[in-house]
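**Student:** First, the structure itself, so that you have it in front of you.
Protein chains in written order, with the working numbering: chain P, 13 to 70; chain R, 5 to 692.
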């Protein structure tokens, strides 16, 4: 059961990393900010600018 | 005792791998269960991972747990961030797994299941995974630098510039060929076209939802998006049966191509958050889910392969693409065995997330093995189809005949019996008018996947749903490759143009944005339309061109890897990268030269141009068709030039690298080390 829970946490971690939710949480912690619509928009604009400067694989 | 047990276990895995590989290689005449392929590949991957890759990690790379990674040293809370090993693994795998490992093996199945399967397994263990592993290692020891930056520093300015131009050209061919796969899957299919068209407003809805209604709730928005996409599949069925709406979504190849070109432009020019990003989230989640479903389906159902191990087309007369096993099997399957594009990912986001150097091993080498396994699953999905059906779906009308009767007669004559009634019943069961001439690999892969899924859930009654679910899955992430690729191509072009006239380099300056977007879209759009109008189906021309380009990029990556190994250890370990490099140089240069100069019109671009020219000279072309044939002549000559440019670019970097290696080994050139100095890690166990 412990391993199953750990596995579930890893799967959720992967999904949150792919979905940029983890990166957003890190951004809030690093910059000592609180979540808000404005903050998400600021974060996602910066994030996406970097993300889509790289090619997607074939 | 544990050591003895471990040795016995690994010996057993090695024996099972050898037994299964021999089983699939030597079997003739009776159907093979797909589990032979699954076990052979899994055991070979385990051996490669446990012995070859771990030896490289320990002796060659000397991965050091105590050395701080760029994620730790340059931590900024955005892209540089130490991340859990398995999360980076999943993230990296999601980034490298595109349409290539699915489409390539499906097309290469025309040789039978054996050549492609062996190349996928051996190529990945000794080539592809090594390339990804070494480039990731190089990048992590150089502050997470990109392939182009590293090539410029380690090999020279020529190398860096060549890498940049090569990547831009490869992007153009890649976008054209994947767009062609979508066009061929959707033409004349109102169900598929509606479903894919619906994903665009769904993505816009998700974008608005994330930006204004529930900011930051990406997983929630993606779940809603996925449910809406599922609903659109049912909506597509309704549209296909509607006398009013079906004609709206029954489009020709050319119309679809124009729609995709317009979409590419919009996606490149619109704000990222509105269309590109939400579609990317959705497609990545769907991709991972479907790959998992396919894996579970194959493991539980253990389907039998209908395709023989080798077909008569190993001689180079294949209907899907012309050319013999050597070299064409090895450029048709790139992403499942070795793909140059992966080196861009391994030197992109991933090195900035690795928390410990030793994680390079499972992430770099392990992810590629998993991708290779996806390619094996695609090969299985293609080969569980009746071979007659497989060839009827994938062959162009120009080869098998323009009517169903002519097509089935030709294919049956090749020794793969198929009937027009059988094809009509199959088309009806998946809700399509016809399944003939659906070149590109996506429809036959969708058929194979639908058969596997339907056996697990719902049976033949919902075969149509599963078929369109698989088409939706393929088209969704192919379109994401197109929109993201167009945008990246635009940035690269702006980067180049900025060196000529500074304002053109500013990515947010509207005239530059519009101009560069139009240039990129028209560049790949030209090749796409060329593929759509090609009487041989387009895939015959464009997929080998893409395969050559992709493998040439792998040559650049392996040149860089070898240069760094030579700088680290002189000649001692350079064979690790030289071995796949020599193979790839042989394969790609042979394929490229054949594509340009072969006397066979279906292979050689120039030979095909000459055939069209002689037809005009002999008065065999009607006046009304003259313009069209002249365009085909021009296109063939253009393809030959593009292929030649690729060769010159890569030969330049290869020769540059060889001179550098010789210079270092002879001591006539100084060894410039660009590796960042050792810094002791301060990460706690919890942070790793």
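Heads up, the beta-carbon is just placed ideally off N, CA and C, and yes, glycines get one too.
Between the Cα of residue 665/R and those of 571/R, 638/R, 612/R, spot the shortest distance and give me the residue it belongs to.
**Tutor:** Residue 665/R sits at position 661 when you count from the first residue of the second chain. Looking from the CA of residue 665/R, the closest CA among 571/R, 638/R, 612/R belongs to 571/R.
**Student:** The alpha helix (DSSP H) that contains residue 602/R, what's its start and end?
**Tutor:** Residue mapping note: residue 602/R aligns to position 598 of the second chain, counting from 1. It is not in any alpha helix (DSSP H) - residue 602/R carries neither H nor E in the DSSP assignment.
**Student:** Who are the Cβ neighbours of residue 527/R in its own chain at under 6 Å, not counting the five residues just before and after it?
**Tutor:** Locating residue 527/R in the second chain gives position 523, counting from the first residue. Closer than 6 Å at the Cβ level, and outside the excluded window around residue 527/R, lie 176.
**Student:** Select from the segment 217–244 of chain R all residues with a C-beta closer than 7 Å to any C-beta belonging to chain P, and list them in chain order.
**Tutor:** 219, 220, 222, 223, 226
**Student:** Counting along the chain, where does the alpha helix (DSSP H) carrying residue 462/R start and finish?
**Tutor:** Translated into the one-based positions of the second chain, residue 462/R becomes position 458. Unbroken run through residue 462/R: none, as it is neither H nor E.
**Student:** Identify which residue in 35/R, 427/R, 525/R has its Cα closest to the Cα of residue 263/R.
**Tutor:** Within the second chain, the letter at position 259 stands for residue 263/R. The candidate whose alpha carbon is nearest that of residue 263/R is 525/R.
**Student:** Residue 188/R CB to nearest chain P CB: under 9 Å?
**Tutor:** Looking up residue 188/R in the second chain gives position 184. Among the CB atoms of chain P, none fall inside 9 Å of the CB of residue 188/R.
**Student:** Residue 423/R to residue 412/R, Cα distance in whole Å?
**Tutor:** Along the second chain, one-based indexing puts residue 423/R at 419. Along the second chain, one-based indexing puts residue 412/R at 408. In this structure, the CA atom of residue 423/R is about 6 Å from the CA atom of residue 412/R.
**Student:** Beta carbons nearer than 8 Å to chain P: which residues of the segment 267–282 of chain R have them?
**Tutor:** 276, 277, 280, 281
**Student:** Taking Cβ positions, are residue 51/R and residue 18/R nearer each other than 9 Å?
**Tutor:** One-based indexing of the second chain puts residue 51/R at position 47. One-based indexing of the second chain puts residue 18/R at position 14. Yes, these two residues count as a Cβ contact at 9 Å.
**Student:** With a cut-off of 8 Å on the beta carbons, I'd call residue 49/R and residue 373/R a contact; round off their distance for me.
**Tutor:** In the second chain, the residue the question calls residue 49/R occupies position 45. In the second chain, the residue the question calls residue 373/R occupies position 369. In this structure residue 49/R is in contact with residue 373/R, their Cβ atoms being roughly 4 Å apart against a cut-off of 8 Å.
**Student:** Taking CB distances under 9 Å as the criterion, tell me whether residue 14/R reaches chain P.
**Tutor:** One-based indexing of the second chain puts residue 14/R at position 10. By this cut-off, residue 14/R is not an interface position.
**Student:** In angstroms with no decimal places, state the Cα-to-Cα distance between residue 384/R and residue 377/R.
**Tutor:** As a working mapping, residue 384/R is identified with position 380 in the second chain. As a working mapping, residue 377/R is identified with position 373 in the second chain. Going by the C-alpha atoms only, they are around 11 Å apart.
**Student:** Is the CB-CB distance between residue 57/R and residue 141/R below 9 Å?
**Tutor:** Working through the second chain from its first residue, we reach residue 57/R at position 53. Working through the second chain from its first residue, we reach residue 141/R at position 137. Between residue 57/R and residue 141/R, the CB-CB gap reaches or exceeds 9 Å.
**Student:** Would you tell me roughly how many angstroms separate the C-alpha atoms of residue 4/R and residue 261/R, rounded to the nearest one?
**Tutor:** With chain R running from 5 to 692 in the structure shown, residue 4/R is simply not present.
**Student:** Could you tell me whether the Cβ of residue 193/R comes closer than 9 Å to any Cβ of chain P?
**Tutor:** By one-based count along the second chain, residue 193/R stands at place 189. Residue 193/R does not count as touching chain P.
**Student:** Does the segment 61–75 of chain R come close enough to the segment 24–32 of chain R that 3 or more CB-CB pairs lie under 8 Å?
**Tutor:** no
**Student:** If you measure from the beta carbon of residue 610/R to each beta carbon in chain P, is any gap under 9 Å?
**Tutor:** Here residue 610/R refers to the residue found at position 606 when the second chain is read from its first residue. So no, residue 610/R is outside the interface.
**Student:** How should residue 146/R be labelled, buried or exposed, when 16 other C-beta atoms within 10 angstroms of its C-beta is the threshold for buried?
**Tutor:** As a working note, residue 146/R is residue 142 in the second chain. That one is buried.
**Student:** Report the start-end ranges of each alpha helix (DSSP H) in the segment 145–183 of chain R that is 4 residues or longer and not cut off at the edges.
**Tutor:** 151–158
**Student:** Helix, strand or coil: how does DSSP classify residue 590/R here?
**Tutor:** Mapped onto the second chain, residue 590/R falls at position 586. Assigned with DSSP and collapsed to three states, residue 590/R falls in helix.
**Student:** Express the C-alpha separation of residue 556/R and residue 330/R in angstroms, rounding to a whole number.
**Tutor:** Walking along the second chain from the start, residue 330/R turns up at place 326. Walking along the second chain from the start, residue 556/R turns up at place 552. Going by the C-alpha atoms only, they are around 16 Å apart.
**Student:** Hey, does residue 36/P have any beta-carbon neighbour from chain R nearer than 9 Å?
**Tutor:** Along the first chain, read from residue 1 onward, the residue named residue 36/P stands at position 24. Interface residue, yes.
**Student:** Can residue 103/R and residue 185/R be called in contact, C-beta distance under 9 Å?
**Tutor:** To locate residue 103/R, count along the second chain from 1; it is residue 99. To locate residue 185/R, count along the second chain from 1; it is residue 181. Against a cut-off of 9 Å, the Cβ pair of residue 185/R and residue 103/R comes out as a contact.
**Student:** By the criterion of Cβ-Cβ separation under 8 Å, what are the contact partners of residue 335/R in chain P?
**Tutor:** On the second chain, residue 335/R is found 331 positions in, with the first residue counted as 1. Those within 8 Å of residue 335/R in chain P number zero; the least Cβ separation is about 13 Å.
**Student:** Can you tell me whether residue 234/R is helix, strand or coil according to DSSP?
**Tutor:** Indexing the second chain from 1 puts residue 234/R at position 230. DSSP places residue 234/R in helix when its eight states are reduced to three.
**Student:** Against chain P, with Cβ distances strictly below 9 Å, would residue 76/R count as a contact?
**Tutor:** Taking the first residue of the second chain as 1, we reach residue 76/R at position 72. Interface criterion not met: the Cβ of residue 76/R is under 9 Å from no Cβ in chain P.
**Student:** For residue 337/R, which of helix, strand or coil comes out of DSSP?
**Tutor:** Taking the first residue of the second chain as position 1, residue 337/R is located at position 333. Coil at residue 337/R, not helix or strand.
**Student:** Which two residues bound the contiguous alpha helix (DSSP H) that contains residue 328/R?
**Tutor:** Against the second chain, residue 328/R aligns to sequence position 324. No alpha helix (DSSP H) contains residue 328/R, which DSSP labels as neither H nor E.
**Student:** Using Cβ-Cβ distances below 7 Å, what residues of the segment 484–508 of chain R are close to chain P?
**Tutor:** Answer set for the segment 484–508 of chain R: 484, 485, 488, 489, 491, 492, 495.
**Student:** Report the rounded CA-to-CA distance for residue 36/P versus residue 82/R, giving the unit in angstroms.
**Tutor:** Residue numbering aside, residue 36/P sits at position 24 when the first chain is read from its first letter. Residue numbering aside, residue 82/R sits at position 78 when the second chain is read from its first letter. For residue 36/P and residue 82/R, the distance between alpha carbons rounds to 8 Å.
**Student:** Opposite residue 187/R in the DSSP bridges: which residues?
**Tutor:** Residue numbering aside, residue 187/R sits at position 183 when the second chain is read from its first letter. None, per the DSSP bridge assignment.
**Student:** Our contact map puts residue 33/R next to residue 342/R with C-beta atoms below 8 Å; I'd like the distance itself, whole angstroms only.
**Tutor:** Position 29 of the second chain, counting from 1, holds the residue named residue 33/R. Position 338 of the second chain, counting from 1, holds the residue named residue 342/R. No, residue 33/R and residue 342/R are not in contact; Cβ-Cβ is about 32 Å, not under 8 Å.
**Student:** Measuring alpha carbon to alpha carbon, tell me which of 397/R, 428/R, 433/R ends up nearest residue 420/R.
**Tutor:** For this step, residue 420/R is matched to residue 416 along the second chain. Cα-wise, what sits closest to residue 420/R is 397/R.
**Student:** Rounded to whole angstroms, how far is the Cβ of residue 38/R from the Cβ of residue 308/R, which I believe are closer than 8 Å?
**Tutor:** On the second chain, position 34 is the one that residue 38/R refers to. On the second chain, position 304 is the one that residue 308/R refers to. 7 Å between Cβ atoms; contact.
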